[in-house]
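Below is one structure, written out as C-alpha cells; comments come after it.
In this note's numbering, the protein residues as written are 672 to 830.
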C-alpha cells in the first residue's frame, strides 16, 4: 500500500505508559505486530468511555482491564510525565499522522513478577533497557522520538 499524508490538523492522542523496573532500569514493552517491534504500552483516546475529566482515573481502569487486578496491585498509580507532539509515519495504517503523546509513569504494579518476557492476556511483553532500545534498529527507525522522550524524562542516570 502506498504511504499517504493526512491533514496535519487531524490528531491522534496516544497515552503512553512508562512502566519501569527500578532495580534493573528496564521498561516494559509490548510487541506490536503491524509495527514489527516492541513499543511502550499505549492506549488511544478512542478507548476511553467518554472524554476524560481525570485522565489518571480512566487510564487506571484501562490498566486494570488490560493487566488484571493482581498485576496492577494495591499501590498502583499513575503520574503524568508530560506531552509531546510529532508528525510521523503510522506504520500500521501506512500514513503520516499528527500524534499527541501523553506520557504517564506507572508505579506500584506487580508486573515485574511475570518474568522477563511475559504473555499477558495473549499479548507478548518484554522488559528492556533504554540502552538496548537505542541499539535496536527497528525500534529506533519507527519510534526514536518516543524512546528519546522517555529517556530524557525518566532515565535517572541522565538527571
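No residue lacks a Cβ here, since even glycine has one placed at the ideal position from N, Cα and C.
A quick note: this is a predicted structure, and the numbers were derived from the prediction, not measured.
At the C-beta level, residue 775 and residue 751 come within 8 Å of one another. For residue 805, the number of other beta carbons within 10 angstroms of its own is below 16, and it is reported as exposed.
In this structure, DSSP gives residue 729 a helical state, which the three-state scheme calls helix. Nearest Cα to residue 715 within the set 763, 770, 759 and 685: 685. DSSP links residue 798 through a beta bridge to 699. Between the region 738-745 and the region 784-799 there are three or more C-beta pairs closer than 8 Å, enough to call the two in contact. CA-CA distance, residue 803 to residue 709, rounds to 11 Å. Between residue 735 and residue 743, the CB-CB gap stays under 8 Å. By the criterion of a C-beta distance shorter than 6 Å, residue 763 is surrounded in its chain by 705, once the five residues flanking it on both sides are discounted. Distance from the CA atom of residue 766 to the CA atom of residue 730, rounded to whole angstroms, is 27 Å. Closest option to residue 695, judged by alpha-carbon separation, among 757, 809 and 800: 800.
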